[in-house]
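Residue numbers (my numbering): 243 to 453. Using N, Cα and C, we set each Cβ at its ideal position, and we do this for glycine too. Step one of this worksheet: look at the structure below.
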Ligand SMILES: [Zn+2]
């Protein structure tokens, strides 16, 4: 199902363009994040920080932790070493998350988030990077993530979020759909969908790894 305010053809074209740009970005730096054996998985928010916007019904911090744990299982099964910035419903400061990432060698950093907006029609996936060395990682993750469900997507963007700006290893932040969009929130509330998101992220990571 499409978000109610979108025109399917236009959404399709936007997706095609976004995926094309992702492939182009990935192609520009094919080895920028190759050769890693450790994945730092960052479940966004936690503890008193619920994530999302005030009054939001679906909890972002619970969804991020669930996907992070599923991703960890997948990566371990593939022989990769994983480090979690949190494994529980606890608050971890942004500097601590970055310190955990920067203590790792031959590693990449993947931050898991879910989006929110005042406009309930806002939907789709987006991934973020900051440094040049991280662009290909964000692009690979994005090109898989958009397969989770059809709809309008938002692309790969450069933005100075703390956890991707301060990390010295390749780092990407994934917004895995909108919890404020009733259709996407219903999908994300299903364990099968969260497993699908974790599977897609894992595929993108394993493809590039050193394992
Ligand atoms: Zn978040």
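When the options are compared against residue i, the one with the closest alpha-carbon
i: residue 396; options: 404, 384, 298; result: 384
i: residue 365; options: 330, 380, 394; result: 394
i: residue 400; options: 379, 391, 422; result: 379
i: residue 398; options: 374, 326, 290; result: 374
i: residue 422; options: 359, 392, 429; result: 359
i: residue 301; options: 411, 355, 443; result: 355
i: residue 418; options: 286, 327, 298; result: 286
i: residue 371; options: 407, 452, 425; result: 407
i: residue 277; options: 349, 390, 328; result: 349
i: residue 391; options: 368, 361, 324, 426; result: 426
i: residue 369; options: 403, 429, 330, 303; result: 403
Close Cβ partners of residue i (< 8 Å) along its chain, the five nearest in sequence each way excluded
i: residue 405; result: 284, 336, 339, 340, 343, 351, 353, 413, 415
Unbroken beta strand (DSSP E) run spanning residue i, endpoints
i: residue 283; result: 280-285
i: residue 457; result: In this structure the chain extends from 243 to 453, so residue 457 is not present and cannot be described.
Terminal residues of the alpha helix (DSSP H) in which residue i lies
i: residue 407; result: 404-407
Cβ shell of residue i (< 6 Å), same chain only, five flanking positions each side left out
i: residue 189; result: Since the first residue of the chain shown is 243 and the last is 453, residue 189 is not available in this structure.
Own chain residues within Cβ distance below 7 Å of residue i, not counting five before or after
i: residue 332; result: 288, 289
i: residue 308; result: 436
### Task
Report the residue ranges of all alpha helix (DSSP H) runs contained in full by the segment 342-395; include only those spanning at least 4 residues, in chain order.
Note on the segment 342-395: whole alpha helix (DSSP H) runs with a minimum of 4 residues are 374-387, in chain order.
### Message
Check whether the segment 441-448 and the segment 306-325 are in contact - that is, three or more C-beta pairs closer than 8 Å.
### Response
Between the segment 441-448 and the segment 306-325, the count of Cβ pairs shorter than 8 Å is three or higher; the stretches touch.
### Query
Enumerated in chain order, which unbroken segments of the alpha helix (DSSP H) with a length of 4 residues or greater are wholly contained in the segment 419-450?
DSSP assignment within the segment 419-450 yields the following whole alpha helix (DSSP H) runs of 4 residues or more, N-terminal first: 424-430, 433-450.
### Task
Mind the definition here: the segment 435-443 touches the segment 307-316 only if three or more C-beta pairs lie below 8 Å; say whether that holds.
yes
#### Entry: Continuous beta strand (DSSP E) assignments of at least 3 residues falling wholly in the segment 314-341
Restricted to the segment 314-341, the beta strand (DSSP E) segments that are unbroken, complete and at least 3 residues in length are 323-326, listed in chain order.
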